[in-house]
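Undergrad: Can you read through this structure? Questions will come right after.
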Amino acid sequence: MGINRQNYNVDARGYYGKFGGAFVPEMLLPNVLELQENYLEIIHRPSFKKEFDYLLKDYVGRPTPLYLAQRLSQKYQSQIYLKREDLCHTGAHKVNNTIGQILLAKALNKKKIIAETGAGQHGVATATVCALMGMECIIYMGAVDMVRQRPNVERMKILGAEVRAAQSGSQTLKDATNEAMRHWINHPTDTHYIIGSVVGPHPYPDLVARFQSVISQEIKWQLKEQIGTENPDMVIACVGGGSNAAGAYYHYLDRPQVQLVAAEAAGLGVDTDKSAATTFLGSEGVLHGSRTLLMQTADGQVIEPYSISAGLDYPGIGPIHAHLFDSGRAKFCAVTDEEAMLAGIELSRLEGIIPAIETAHAIAVLSKIAIKDKVVVINLSGRGDKDLDTYIKWGKY
């Protein structure tokens with residue numbers, strides 16, 4: 002029986018299989034319902050699509066190149082293509098989504114924007130589009146992440162955003178998300194919350210995936226142009242919440258001949274208490290408004306995640322990815338800090354591209370699975386400028 006694409010995209014209730022939905026406090030229900038009832042109609046308006054496409058082209062710099070990494074390919078005896086999202090304005094794929102959501106916020110007559118950020122790339126991308134559109138912007142960021150991603154904090158401030166530190170819990174991405182949701186509850190009418198990944202209550206996972214789907218849309222025609230077929234053997238991406246992976250997989254979901262591979266942050270190892278590999282360590286539950294897989298104790302308390310990468314230390318994955326894992330459609334690999342850092346250096350030395358440490362997790366998968374003689378696309382989701390401090394502290398280069 003052929004795979005029905007609808008099996009992998011969201012249904013009318015906001016679910017991917019048994020994952021998804023909208024589990025929100027009563028005070029947030031009007032905001033979420035407003036989005037659910039309006040988002041599809043708005044993003045399909047010709048005027049919306051025209052402005053979105055224009056900004057992606059002339060402001061973000063799309064299409065991003067699909068680059069045949071010859072020395073990397075030679076080493077792994079395969080054809081490895083890098084989708085260069087690191088060349089987007091702001092340095093990562095995040096801006097594809099923030100452009101879409103700021104236009105949606107305008108269409109809904111919202112005046113203020115809030116967001117959460119871990120590695121800071123989503124925060125920078127949100128601050129960027131708020132500056133572009135002249136909208137007030139508050140970014141919540143874990144206090145720990147603010148230290149390890151200092152350059153991005155300063156970029157947000159230069160762009161005119163207010164950056165507020167989340168001081169609770171592990172003071173990382175989960176806690177920044179909690180604070181942003183609290184803010185939204187207290188300012189429901191004039192504020193739009195730009196969630197940066199395929200997490201949160203419906204319709205956010207679908208909304209973000211749709212805006213990021215431009216990645217796989219381009220991969221299809223770029224690959225056809227280069228090798229005569231739209232379909233690679235494999236698409237590899239890193240997954241924390243998972244927006245870059247959702248975008249890279251989107252147009253291949255209904256093509257079973259294309260293997261989807263996700264790299265999760267194993268931290269110091271899945272057998273330690275310092276990890277963020279949700280599919281290896283997690284179980285079903287509700288996190289930040291949706292039913293998904295998350296790392297939790299027997300009584301449902303969230304377990305603090307850990308990764309050397311600020312963008313991957315999230316205790317869950319988006320419901321899209323929980324479904325891809327649960328259904329077997331995607332293969333998940335756990336990559337340790339050390340493996341990721343070594344892969345980041347390898348890409349730097351072989352191709353002259355210093356990747357974000359998130360992306361380095363995806364590069365590390367090359368040595369973990371059979372790829373000989375295969376056509377492989379890796380979503381190179383961000384550049385390593387923001388992580389220089391981490392590379393320097395790690396020091397093994």
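Residues in the sequence shown are numbered consecutively from 2, following the working numbering. Built from N, CA and C at the ideal position, the CB exists for glycine as well. Just so you know, these numbers come straight off a predicted model, no measurement behind them.
1) Taking the runs of the alpha helix (DSSP H) that are 4 residues or longer, which of them lie wholly in the region 210 to 297?
2) With distances taken from CA atoms, which of Pro-206, Gly-243, Gly-286 and Ser-244 is nearest Asp-12?
3) Going by other Cβ atoms of all chains shown within 10 Å of its Cβ, with 16 needed for buried, is Gly-353 buried or exposed?
4) Helix, strand or coil for Ala-361 per DSSP?
5) Would you call the CB atoms of Met-142 and Ala-167 closer than 8 angstroms?
6) For Val-376, I'd like the list of residues in its chain whose CB is within less than 6 angstroms of its CB, leaving aside the five on either flank, ordered along the chain.
7) Do Gln-213 and Leu-67 have their C-beta atoms within less than 8 angstroms of each other?
8) Give me the Cα-Cα distance between Val-271 and Val-164, rounded to the nearest whole angstrom.
9) Go ahead and pull the three-state DSSP assignment for Met-342.
10) According to DSSP, is Pro-1 part of a helix, a strand, or is it coil?
11) Drop a sphere of 10 angstroms on the beta-carbon of Gly-319, count the other beta-carbons inside from all chains shown, and report buried for 16 or more, exposed for fewer.
12) So is Leu-104 buried or exposed if we call it buried at 16+ other beta carbons inside 10 Å?
13) For the ligand PLP, I want to know if Asn-10 counts as a neighbour, meaning its beta carbon is within less than 7 angstroms of at least one of the ligand's heavy atoms.
14) Per DSSP, which residues does Ile-140 bridge with? Please list them.
15) Run through the region 62 to 111 for me and flag every whole beta strand (DSSP E) of 3 or more residues, listed as ranges in chain order.
16) Since Asn-380 sits in a beta bridge, which residues does DSSP pair it with?
17) Roughly how many angstroms lie between the CA atoms of Glu-155 and Cys-131, to the nearest whole one?
18) Under the three-state reduction of DSSP, which class applies to Phe-333: helix, strand or coil?
19) Bridge partners of Phe-24, per DSSP?
20) Would you give the residue range spanned by the alpha helix (DSSP H) that Thr-178 belongs to?
21) Could you name the residues of the same chain whose beta carbon sits closer than 6 angstroms to that of Leu-29, not counting the 5 residues immediately before and after it, in chain order?
22) Could you please give the first and the last residue of the uninterrupted beta strand (DSSP E) stretch that includes Leu-194?
23) Once the 5 residues before and after Ser-171 are set aside, which same chain residues still bring their CB inside 6 angstroms of it?
24) Name the two residues that bound the continuous alpha helix (DSSP H) containing Asn-32.
25) So what does Gly-317 bridge to, in DSSP terms?
26) With three or more C-beta pairs closer than 8 angstroms as the rule, is the region 336 to 349 touching the region 263 to 282?
27) Identify, in the order they occur along the chain, each residue of the same chain with its Cβ nearer than 7 angstroms to the Cβ of Thr-411, setting aside the five sequence neighbours on each side.
28) So is Ser-169 buried or exposed if we call it buried at 16+ other beta carbons inside 10 Å?
29) Using the Cα positions of Ala-331 and Lys-76, report the straight-line distance between them to the nearest angstrom.
30) Alpha carbon to alpha carbon, how far is Val-96 from Asp-386? Give it in angstroms, no decimals.
31) Report buried or exposed for Arg-292, applying the criterion of at least 16 other Cβ atoms within 10 angstroms of its Cβ.
32) Here's a check: name, in chain order, each residue in its chain whose Cβ is nearer than 8 angstroms to the Cβ of Lys-373, leaving out the five neighbours to either side.
33) Considering just the uninterrupted stretch of the alpha helix (DSSP H) at Tyr-55, what are its terminal residues?
34) What are the start and end residues of the alpha helix (DSSP H) that includes Leu-367?
35) By a C-beta neighbour count over all protein chains shown, 10 Å radius and 16 as the cutoff for buried, is Pro-356 buried or exposed?
36) Using a Cβ-Cβ cut-off of 8 angstroms, state whether Asp-146 counts as contacting chain B.
TA: Walking through what the data contain:
1) 215 to 228, 244 to 250 and 279 to 282
2) Pro-206
3) exposed
4) helix
5) yes
6) Gln-80, Pro-233 and Asp-234
7) no
8) 33 angstroms
9) helix
10) The chain is shown from 2 up to 398; residue 1 falls before or after that span and cannot be answered.
11) buried
12) buried
13) The ligand PLP is not among the ligands present in this structure, which contains no ligands whatsoever.
14) Ala-116 and Val-164
15) 67 to 69 and 80 to 85
16) Lys-84
17) 16 angstroms
18) strand
19) The partner list for Phe-24 (beta bridge, DSSP) is empty, contrary to what the question assumes.
20) 174 to 187
21) Ile-186
22) For the sequence presented, residue 194 should be read as Tyr rather than Leu. Start and end: 192 to 195.
23) Glu-305
24) 30 to 44
25) Leu-295
26) yes
27) Given that the chain is displayed from residue 2 to residue 398, the structure contains no residue 411 and the question cannot be resolved.
28) exposed
29) 25 angstroms
30) 16 angstroms
31) buried
32) Tyr-77, Gln-78 and Ser-79
33) 47 to 56
34) Careful: Leu-367 lies outside any alpha helix (DSSP H) and carries neither H nor E.
35) buried
36) The structure shown contains no chain B; it holds only a single protein chain.
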